[in-house]
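Here's the structure we're looking at; comments come further down.
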């Protein structure tokens, strides 16, 4: 059973990457997009008089921004493409649940985004001489894993809406910037109005990113970090549970409406 | 589950509700399938015919668990298609006509590998099945080529290979030869016959009457969502009045005279006038072709009759008669 699951994960990732990375241009995009975000972040920070810009809100924020944009657009396109190719109903008509397929796809997209983040980070270390000296690396790693889990849980949650109705494409794409703004990918959340900070509490990435900032600033305060990690994990699990619940509902709804094959 | 029927559809109904207006407040309900009941025996090749929009694809999609019926019950190989969806999905294969349903940027082999994983096939089975199936559908030399480089016929054949990956007992084929050239269509029909010889059950929808006549054991005809005929090809042909069909091509200006003359036909024969530019065609269905020929004899000259053909009824004649509303 477990072996079968991992075979499915491997095959799905293989197919997805083969479809996406079909020429050098797409490979270039993987690295180019986060580099652009990071460079812009750094230039803006320096223009604002910050001579030693915060690593999280420039390089890593840029990388996460790239991951989030990639996740939104690729996940949207994955489902739109399947609807267009007529493969969506073939997947639904197979014994493997669409929820499982979408979970693996979103995981692939998040992992592909991680490659972009790593590229941006390496560039920051080598070109802009950023240093991790004094950072809580173990804590940063936990925070990063929670960011990935948070992105994945939101991705599978949104995938249900994309399957449910082709009209939801634009809504999901519209969420790209508001979520990035609300989660404070490229600046500290404290500069946002309080009401916006309140809204951002529903996103697990916001908490995980906050913890990452603390860890890279050298914090080892487990009370502060634990609360942020706990909230990130709890909210991500809530998104995951809602995605699971929606999966069954959407499976029935699309079979009533006939939306699987509508283009 | 030991049902002797591969498919049992009872009082099947499907309605689609569409919404319009900015707030989606206006609703419109369309009945796509209404009160359809039929059975398909195991090992049978069953044809579902009907004009565009008649409800064939909707019916196939309900049978293959892709759509939920609004009313009625479906049993597939003894399993309830609504409640035991997973059990049904493991045992059926399906293809939908046209070029859609494959990943064009992947090779034929990668497409098949992916779908074999979705069907939970063990690697050793996949490794054995893929070359076998590529051979069966005549694509053994093209396994590593991207599907986007394939012709429509090759893509259709690959669809069939995909549907057969998990060795299903029952296969739904929705217009499998649409868009394929005659040679490709003939090869595909050969493959379908081979599947029947291997004991599979096939449910086929098609627009091509010759194809249905050549392949199907029994045929159901759907019109405006309702089942209007169901029988063997031979019985369907017998159900139409007369055994022979006489097609007479006449000049337009001669049509009234000839029609008046042919009004003497006995009550067992029927006549239909069709366009056949630049002429008109009188199609006469009759149990006594000799008597009709005698009646036509005085007009057998180029001023009246441009062409004449006496032939047996084909499935197409039956189909046209039923679809155009003549009593079957």
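Residue numbers (this note's numbering), protein chains in the order written: chain P, 1 to 263; chain H, 1 to 328. Glycine is no exception: its CB is placed at the ideal position from the N, C-alpha and C atoms. If you're wondering where the values come from, they're calculated on a predicted model, not measured in any experiment.
Less than 8 Å between the CB atoms is what I'm expecting for residue i and residue j, so what's the real figure, rounded?
i, j, result
"residue 137 of chain P", "residue 260 of chain P", "Their Cβ separation, rounded to whole angstroms, is 46 Å, which puts residue 137 of chain P and residue 260 of chain P out of contact at 8 Å."
"residue 157 of chain H", "residue 179 of chain H", "The pair is not a contact, with the Cβ atoms about 12 Å apart (cut-off 8 Å)."
"residue 81 of chain H", "residue 58 of chain H", "Incorrect: roughly 14 Å between the Cβ atoms, too far for contact."
"residue 236 of chain H", "residue 318 of chain H", "5 Å"
"residue 156 of chain P", "residue 243 of chain P", "4 Å"
"residue 68 of chain H", "residue 256 of chain P", "5 Å"
"residue 61 of chain P", "residue 41 of chain P", "6 Å"
"residue 165 of chain H", "residue 103 of chain H", "With a Cβ gap of about 15 Å, residue 165 of chain H and residue 103 of chain H do not count as contacting."
"residue 168 of chain P", "residue 162 of chain P", "6 Å"
"residue 39 of chain H", "residue 5 of chain H", "5 Å"
"residue 279 of chain H", "residue 258 of chain P", "At roughly 44 Å, the Cβ-Cβ gap does not stay under 8 Å, so residue 279 of chain H and residue 258 of chain P are not in contact."
Are any of the Cβ atoms in chain P nearer than 8 Å to that of residue i?
i, result
"residue 16 of chain H", "yes"
"residue 361 of chain H", "As displayed, chain H neither begins before 1 nor continues past 328, which places residue 361 of chain H out of reach and without an answer."
"residue 167 of chain H", "no"
"residue 117 of chain H", "yes"
"residue 120 of chain H", "yes"
"residue 106 of chain H", "yes"
"residue 231 of chain H", "no"
"residue 114 of chain H", "yes"
"residue 174 of chain H", "no"
"residue 110 of chain H", "yes"
"residue 103 of chain H", "yes"
"residue 328 of chain H", "Its pLDDT being 37, under 50, residue 328 of chain H is placed unreliably by the model, and nothing is read from it."
Could you tell me which residues DSSP pairs with residue i in its beta bridges?
i, result
"residue 73 of chain P", "For residue 73 of chain P, which the question treats as bridged, DSSP gives no partner whatsoever."
"residue 402 of chain H", "Lying before the first or after the last residue shown, residue 402 of chain H is absent from chain H, which here runs from 1 to 328."
"residue 248 of chain H", "H/282 and H/308"
"residue 273 of chain H", "H/282"
"residue 223 of chain H", "H/226"
"residue 152 of chain H", "Its beta-bridge partners do not exist; DSSP assigns none."
"residue 174 of chain H", "H/96 and H/205"
"residue 107 of chain H", "H/146"
"residue 113 of chain H", "In the DSSP output, where bridge partners are listed per residue, residue 113 of chain H has none listed."
"residue 231 of chain H", "H/219"
Does residue i have its Cβ less than 8 Å from a Cβ in chain H?
i, result
"residue 19 of chain P", "yes"
"residue 162 of chain P", "no"
"residue 166 of chain P", "no"
"residue 105 of chain P", "no"
"residue 79 of chain P", "no"
"residue 258 of chain P", "yes"
"residue 72 of chain P", "no"
"residue 192 of chain P", "no"
"residue 15 of chain P", "yes"
"residue 252 of chain P", "yes"
"residue 117 of chain P", "no"
"residue 206 of chain P", "no"
"residue 146 of chain P", "no"
"residue 8 of chain P", "yes"
"residue 46 of chain P", "no"
Mind listing which residues of the region 82–99 of chain P have their C-beta closer than 7 Å to chain H's C-betas, in chain order? 85, 86, 87, 89, 90, 91, 92, 93, 94, 95 and 96
Residues of the region 82–96 of chain H whose Cβ lies closer than 7 Å to any Cβ of chain P, in chain order: 86, 89, 90, 94 and 96
In chain order, which alpha helix (DSSP H) runs of at least 4 residues are fully inside the region 80–158 of chain P? 88–92 and 98–127
Residues in the region 56–70 of chain H with C-beta within 7 Å of chain P's C-beta atoms, listed in sequence order? 64, 65, 66, 67 and 68
Considering only residues of the region 13–96 of chain H, which uninterrupted alpha helix (DSSP H) runs meet the minimum length of 4 residues and lie entirely inside it, listed in chain order? 56–63 and 85–91
Going along the chain, which residues of the region 148–159 of chain H sit with their C-beta nearer than 9 Å to a C-beta in chain P? none
Using a Cβ-Cβ cut-off of less than 8 Å, give me the residues of the region 221–249 of chain P that come near chain H, in sequence order. none
Within the region 195–230 of chain P, ranges of the alpha helix (DSSP H) (whole runs, at least 4 residues): 204–216
Closer than 7 Å, Cβ to Cβ, to anything on chain H: give me those residues from the region 175–204 of chain P, in chain order. none
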